[in-house]
Amino acid sequence: MPTLVRKTLNDYRRALVGWTVGVSAFFLLYLSIYGSIAENPDFYEKAATAKYPGALKDLMGGLADMTSGPGYLQVIAYQLFGPLLLIMCAAVLGNRAIAGPEESGTLELTLTLPIGRRRLVVERFAALALGLLGIAVVTFVLIAGMAAVQDMNVPIGHIVAAHTGLFLLVLFFATLALAVGAASGSKALTLSVTGAYAVAGYVVETLGKSVDAISWLRWVSPFHYFLDGRPIYTGWPVGDYLVLLGASAVLLLVAVLAFDRRDVGV
Amino acid sequence: MTAVVRTEGLTKFYGRRRGLENLDLEIQPGEVFGYLGPNGAGKTTTIRLLLDVIRPTSGRAEILGLDPRDSRVRARIGYLPGELALEGREKARAYLEFMAGVRGGLRRGRIEELAERLEADLSVRMGELSKGNKQKIGLIQAFMHDPELLILDEPTSGLDPLVQQEFLAMVREVKRDGRSVLMSSHVLAEVEHVSDRVGIVRSGRLVAVEDVGALRERAIRKVEFHFDGPIPREAFENLPGVRDLVVEGAALRCTIDGRPDALIKAAAQFTVVHMVSAEPDLEEIFLAYYSDEEARHAHAGA
Numbered sequence: 006m007p008t009l010v011r012k013t014l015n016d017y018r019r020a021l022v023g024w025t026v027g028v029s030a031f032f033l034l035y036l037s038i039y040g041s042i043a044e045n046p047d048f049y050e051k052a053a054t055a056k057y058p059g060a061l062k063d064l065m066g067g068l069a070d071m072t073s074g075p076g077y078l079q080v081i082a083y084q085l086f087g088p089l090l091l092i093m094c095a096a097v098l099g100n101r102a103i104a105g106p107e108e109s110g111t112l113e114l115t116l117t118l119p120i121g122r123r124r125l126v127v128e129r130f131a132a133l134a135l136g137l138l139g140i141a142v143v144t145f146v147l148i149a150g151m152a153a154v155q156d157m158n159v160p161i162g163h164i165v166a167a168h169t170g171l172f173l174l175v176l177f178f179a180t181l182a183l184a185v186g187a188a189s190g191s192k193a194l195t196l197s198v199t200g201a202y203a204v205a206g207y208v209v210e211t212l213g214k215s216v217d218a219i220s221w222l223r224w225v226s227p228f229h230y231f232l233d234g235r236p237i238y239t240g241w242p243v244g245d246y247l248v249l250l251g252a253s254a255v256l257l258l259v260a261v262l263a264f265d266r267r268d269v270g271v
Numbered sequence: 005m006t007a008v009v010r011t012e013g014l015t016k017f018y019g020r021r022r023g024l025e026n027l028d029l030e031i032q033p034g035e036v037f038g039y040l041g042p043n044g045a046g047k048t049t050t051i052r053l054l055l056d057v058i059r060p061t062s063g064r065a066e067i068l069g070l071d072p073r074d075s076r077v078r079a080r081i082g083y084l085p086g087e088l089a090l091e092g093r094e095k096a097r098a099y100l101e102f103m104a105g106v107r108g109g110l111r112r113g114r115i116e117e118l119a120e121r122l123e124a125d126l127s128v129r130m131g132e133l134s135k136g137n138k139q140k141i142g143l144i145q146a147f148m149h150d151p152e153l154l155i156l157d158e159p160t161s162g163l164d165p166l167v168q169q170e171f172l173a174m175v176r177e178v179k180r181d182g183r184s185v186l187m188s189s190h191v192l193a194e195v196e197h198v199s200d201r202v203g204i205v206r207s208g209r210l211v212a213v214e215d216v217g218a219l220r221e222r223a224i225r226k227v228e229f230h231f232d233g234p235i236p237r238e239a240f241e242n243l244p245g246v247r248d249l250v251v252e253g254a255a256l257r258c259t260i261d262g263r264p265d266a267l268i269k270a271a272a273q274f275t276v277v278h279m280v281s282a283e284p285d286l287e288e289i290f291l292a293y294y295s296d297e298e299a300r301h302a303h304a305g306a
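If you read the protein sequences in the order shown, they are chains X and U.
Here this note's numbering = 1-based position in the first sequence + 5.
Here this note's numbering = 1-based position in the second sequence + 4.
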């Protein structure tokens, strides 16, 4: 493994462990109550509908069949909470790739190592992607295990598809944070751009289904390419995933080119 | 021989603010160059341009014969930033080993050797290091790979006097090996004992480059002689370089400008009981440079 990738992963280690434990605990807690929901589907269906009226229900992805195995997995892991938690993690780590060390001043010495600027960004990205992949693998094993233990009736292939999509979505936002940080060197800007795009993207994708005025905006929402294909029900939306992957590639290119041409730490 | 650092018209503006303007500088192999100026004069700007942390507005720089943008050249440079930031839970040793790994070619035990010389504790987490100890870690990483060129921005800040002496000894060793050093400071006293030449930068402009030896030779110094009996004033009048001559009985006071040779030979005719010669104050010469420059600017502005 290239030295800077290893070093960056090492710097991320505590954060990665923390987020993995936190997100896993969340999934474990909520997935473990699936048994009681499956036993009283009518009660929970009504409760959920009462708790989230109208547009709120749309924001939660419709909650159409949250008492079925796939429906419950979708609501807990793949609709809002899973992406929300992991995108927060991605933004935090992405911010620590360039903008964080630049603001604290530690990037200066790294820059004066015999590593080119472009390689620096690419190796930071590789570490970021590997770290997020680690979280994705651990949470996948947990979710697949819980689904099997509790007879949730979701084909393992669909869980793989949905989880891959989740990873690609999270990777997109991590790369966005990396790119904004690489171009601006500002932590605050990186977090606000990433956060705003994530929130707006989610709202547009979920509410856009029933609000015609904003429905065209769904095309620029990264969530569209994860949620719209309903992978937990139908398996791989390959084309959509390629769009996410392609968008991340473009952002990485932007990050590399932007960082290569600017002054650092001024 | 190719210069280790060569700049031509190197200029950096931060927006409309001048960081550095039209710097022409050459540093030769084996030379220790002291780069002096008040805070904010452009020292750090110059250094960061040489390391490609920032890019020039115009002009060019060459370092070890290569473009600063060529990342390979940086393996041959040791750099200590002026505002050294080290943080996190990582132990100092692990960080140094990481840097050594990227640069490559480090002698075994080299890090420990330098840590011992500077009395640095490598087992401390970087975020918990004091200012002085951070500076030591910074010095270790700059010196450890025996680079051909050391670029040190305010290297002695935060170091206690004993460690400063050790640091100066390390600089002399680098010089003895025929390697080069560019070190900045805002006080001359820190660099004058190891530097061959000093450059003075002020408000983004290099105002003077002087040979330290020549400066010292040219420096005005106060001298006092005490003899075993009264001496005739005539014996010391009109000696080259002797000014402000005062003879009072058996005592003589004057200032000499340049070499003290003639004065010493004249004094040798009598019996010298006691002699006082103050160390030439180079700081004063530099302050003179500064104020000349200031006067010139003020004049030009009027």
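For glycine and all other residues, C-beta sits at the position ideal for the given N, C-alpha and C.
- The three-state reading of DSSP puts U:Arg183 in coil, since its state is none of H, G, I, E or B.
- Under the 10 Å beta carbon count, U:Tyr39 is surrounded by 16 or more other beta carbons and is classified as buried.
- Excluding sequence positions up to five before and after X:Phe48, its CB lies less than 6 Å from no other CB in the same chain.
- For U:Lys179, same chain residues with a beta-carbon under 6 Å away, outside a window of 5 residues either side, are Val36 in chain order.
- Within the model, the alpha-carbon separation for X:Leu14 versus U:Glu123 is close to 30 Å.
- At a cut-off of 7 Å, the C-beta of X:Gly74 has no neighbouring C-beta in chain U.
- Counting the other CB atoms within 10 Å of its CB gives U:Gly82 a total of 16 or more, which places it among the buried residues.
- In the three-state reduction of the DSSP assignment, U:Phe17 falls in the strand class.
- Interface residue (Cβ-Cβ distance to chain U less than 7 Å): X:Ser29 is not classified as such.
- In the DSSP assignment, U:Val128 falls outside any beta strand (DSSP E) and carries neither an H nor an E.
- Assignment of U:Ser188 by DSSP, reduced to helix, strand and coil, places it in the strand class.
- Between X:Tyr202 and X:Leu181 a beta carbon distance of about 7 Å is seen, short of the 8 Å cut, so the two are scored as contacting.
- For X:Lys51, the uninterrupted alpha helix (DSSP H) segment begins and ends at 46–56.
- Here the stretch 99–115 of chain U makes no contact with the stretch 45–55 of chain U; the two share fewer than three CB pairs at distances below 8 Å.
- Residue-level contact check: U:Tyr39 does not touch chain X, since none of the beta carbons of chain X fall below 7 Å from its beta carbon.
- The beta-bridge partner set that DSSP reports for U:Thr11 consists of U:Leu29, U:Ala65.
- In the three-state reduction of the DSSP assignment, X:Gly121 falls in the coil class.
- In the structure shown, U:Ala223 adopts coil according to DSSP, grouped into three states.
- Of the candidates U:Leu110, U:Phe171, U:Arg114, U:Phe171 places its Cα closest to the Cα of U:Gly136.
- Within the same chain, Cβ atoms closer than 7 Å to the Cβ of X:Val261 are found at Arg123, Val126, Val127, the five residues on either side in sequence being excluded.
- Comparing alpha carbon positions, the residue from U:Cys258, U:Gly182, U:Leu186, U:Glu177 closest to U:Pro159 is U:Leu186.
- Scanning chain U for C-beta atoms nearer than 9 Å to the C-beta of X:Glu113 yields Arg52, Leu55, Val57, Tyr83, Pro85, Glu87, Leu88, Ala89, reported in chain order.
- Sequence-distant Cβ neighbours of U:Pro234 in its own chain, meaning closer than 8 Å and more than five residues away, are Gly253, Ala254.
- Between X:Gly105 and X:Lys192, the CB-CB gap stays under 7 Å.
- In this structure, U:Glu25 sits near U:Arg209, with a CB-CB distance shorter than 7 Å.
- Between the stretch 159–175 of chain X and the stretch 99–116 of chain X, the count of Cβ pairs shorter than 8 Å is below three; the stretches do not touch.
- For the 7 Å CB-CB criterion, X:Tyr17 and X:Gly136 form a contact.
- Taking the Cβ atoms as the reference, X:Phe231 lies roughly 5 Å from X:Gly170, within the contact range of under 8 Å.
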